[in-house]
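Counting along the sequence shown from 1, when you hit position 386 you're at 385 in numbering that gives the first Met the number 0, and nothing is skipped either side. Think of the CB as a built atom: it goes at the ideal place given N, C-alpha and C, for glycine as much as any other residue. As structure tokens, the structure follows; a few thoughts come after it.
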Amino acid sequence: MTQLSAEQLKSIAHQFGTPVYVYHAEKIQEQYKKLTNAFEASDVQFFYASKALTNINVLKEILAMGANVDCSSINEAKLAMLAGFTPSKILYTSNGINFEEIEEAAALGIHINIDSLSNLEKFGKKFGHSYPVGLRLRPNIMAGGNLKISTGHSNSKFGIPVNQVNEIKELVKKYNIFIQGLHIHTGSEIKDVDVFVKGIEVLFDIIPHFDELKFIDLGGGFKVPYQPGDSETDINLLAQKVKQAFSNHPYKNPLQIWFEPGKYLVSEAGYFITTVNVLKETNTATFAAVNSSFNHLIRPMFYDAWHTIINISNPEGKEKKYAVVGNICETDTFAWDRTINEIREGDLLVFLNAGAYGFEMSSNFNSRLKPAEVLVKNNAPVLIRQRDTFEDLLRNQMI
Ligand code: LLP
Numbered sequence: 000m001t002q003l004s005a006e007q008l009k010s011i012a013h014q015f016g017t018p019v020y021v022y023h024a025e026k027i028q029e030q031y032k033k034l035t036n037a038f039e040a041s042d043v044q045f046f047y048a049s050k051a052l053t054n055i056n057v058l059k060e061i062l063a064m065g066a067n068v069d070c071s072s073i074n075e076a077k078l079a080m081l082a083g084f085t086p087s088k089i090l091y092t093s094n095g096i097n098f099e100e101i102e103e104a105a106a107l108g109i110h111i112n113i114d115s116l117s118n119l120e121k122f123g124k125k126f127g128h129s130y131p132v133g134l135r136l137r138p139n140i141m142a143g144g145n146l147k148i149s150t151g152h153s154n155s156k157f158g159i160p161v162n163q164v165n166e167i168k169e170l171v172k173k174y175n176i177f178i179q180g181l182h183i184h185t186g187s188e189i190k191d192v193d194v195f196v197k198g199i200e201v202l203f204d205i206i207p208h209f210d211e212l213k214f215i216d217l218g219g220g221f222k223v224p225y226q227p228g229d230s231e232t233d234i235n236l237l238a239q240k241v242k243q244a245f246s247n248h249p250y251k252n253p254l255q256i257w258f259e260p261g262k263y264l265v266s267e268a269g270y271f272i273t274t275v276n277v278l279k280e281t282n283t284a285t286f287a288a289v290n291s292s293f294n295h296l297i298r299p300m301f302y303d304a305w306h307t308i309i310n311i312s313n314p315e316g317k318e319k320k321y322a323v324v325g326n327i328c329e330t331d332t333f334a335w336d337r338t339i340n341e342i343r344e345g346d347l348l349v350f351l352n353a354g355a356y357g358f359e360m361s362s363n364f365n366s367r368l369k370p371a372e373v374l375v376k377n378n379a380p381v382l383i384r385q386r387d388t389f390e391d392l393l394r395n396q397m398i
């Protein structure tokens, strides 16, 4: 398995300080190859869901691998363009956005998936048949690691519910809208590949209503292992089942398949290194408080997500149970009752799976500074974002 060694991580912590996010370019490439190998010889395009990690240097790696990019805001699209993606390689899958942002996306010439009847009508009025567009649909399928990251179920805000297909058809007819694709994204951390097959079946019921389709977009959501012994989405099985389902698709023209993986490409490529500030023995737990919190890595607190934590400063230390917590004024438990090699103040604790939705969901809560980011390629670590300084907290404040 492609991974960074404890020695490399220690040396990065020494060189750049902590807390620091570290990304491993070769691991991202390895994940991308697994996808392209599995879908070899099929008409499939991968759009990296950049919301997982938008550092422009990472986007450049993604571009160099040959992937496309999926964006969830106009700013992500602008970052992608800065990284060198051409408009035809950029997809903007919107939700709940102001129509002005869609106009801006159209001015850039990028692909757009629209997720409301309201914006579809505005789009039709403004562009008619002149700008091909995709529809984000809600397939009413429950899937994903937990409810917060499930997006395709029948109570979800995402997409136009498939049962509103008649309303969609009316608008398409009224304004002669060029519908080029149908999109669904049912959630994140989907292990069961049959969820994608179910999604295809839902879309196959809908496609005959549209005349000019070029692609079906099945979104992202492939699961990666977080805990020891955890399994990931079987990409080969997924490819086999998707290819099989498409082999006799009912559409009059060939259809391309699009995917939007985020976590799958970058989660395991990321490491978050922190330093232990304080050890506190109590009657219920030994707390190890690190120089970070949910202002840097919110997944454990927000989703009860597991991130494996390794003490790289004392790998031979006796295993003990710890509550790993942070340094801000909230209950910020990263892990409770977790077995870790003996921790001393000053030790470096590394959080695994920190590439996706780590730095990206960070904030300046408690007026703390955002960490630095480092990219390792060919074993050479390069700083790709400086850590915040106090001046960053003042920027935009009227003093
Ligand atoms: N496409 C669309 C339209 C999406 O909304 C998302 C994720 C993706 C693709 C990529 O999903 P992925 O392959 O990364 O699972 N912050 C949460 C995950 C929320 C994902 C939101 N949408 C987490 O840390 O688990």
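Nearest C-alpha to ARG337 among ARG367, PRO299 and LEU374: PRO299. Not one heavy atom of the ligand LLP sits closer than 7 Å to the Cβ of PHE195. In the structure shown, GLY123 adopts helical secondary structure according to DSSP, grouped into three states. For ASP391, the enclosing alpha helix (DSSP H) starts and ends at 389-393. Residue state for LYS320 is assigned as strand, using DSSP reduced to three classes. DSSP places LYS251 outside both helix and strand once states are collapsed to three, so it counts as coil. Taken through DSSP and simplified to helix, strand or coil, LEU52 comes out as coil. With a cutoff of 7 Å, MET300 does not count as near the ligand LLP, since its C-beta is closer than that to no heavy atom of the ligand.
Just so you know, the alpha carbons of ILE309 and GLY345 end up roughly 14 Å apart. Taking all protein chains in view, the Cβ of CYS328 is surrounded by fewer than 16 other Cβ atoms within 10 Å, so the residue is classified as exposed. Under DSSP, ASP229 takes part in no beta bridge, so it has no partner.
Counting only runs of 4+ residues, the alpha helix (DSSP H) found wholly inside the segment 66-144 occupies 73-82, 98-107 and 116-126, in chain order.
The straight-line gap separating the alpha-carbon atoms of THR281 and THR330 is approximately 16 Å. Per DSSP, reduced to three states, the secondary structure at SER361 is coil, with no helix or strand assignment. ARG137 is a Cβ neighbour of PRO160, given a cutoff of 8 Å.
In terms of Cβ geometry, ILE215 and ILE167 do not form a close pair [threshold 8 Å]. Here ARG343 is exposed, its C-beta having fewer than 16 other C-beta atoms within 10 Å.
Between GLU211 and LYS124, the alpha-carbon positions lie close to 19 Å from each other. Rounded to whole angstroms, the separation of the alpha carbons of PHE157 and VAL201 is 16 Å. In this structure, the C-beta of MET64 stays at least 7 Å away from each heavy atom of the ligand LLP. Cβ contact annotation for LEU170 (same chain, cutoff 7 Å, sequence separation greater than five): LEU116, LEU119, GLU120, GLY123 and ILE176, in chain order. At a Cβ-Cβ threshold of 8 Å, ALA24 and LEU374 count as neighbours. Taking the C-beta atoms as reference points, ILE199 is found no nearer than 8 Å to GLY151. Excluding five sequence positions before and after ILE11, the CB atoms of its chain that fall closer than 6 Å to its own CB belong to VAL21, VAL373 and PRO380, given in chain order. Taken through DSSP and simplified to helix, strand or coil, TYR20 comes out as strand. For LEU8, the enclosing alpha helix (DSSP H) starts and ends at 5-15.
PHE45 and ASN395 have their C-alpha atoms some 37 Å from each other.
Across the structure, ALA5 and GLU315 are spaced so that their CA atoms are roughly 12 Å apart.
At a cut-off of 7 Å, the beta-carbon of SER72 does not count as near the ligand LLP: no heavy atom of the ligand is closer than that. For GLY220, same chain residues with a beta-carbon under 6 Å away, outside a window of 5 residues either side, are GLY186, SER187 and ILE189 in chain order.
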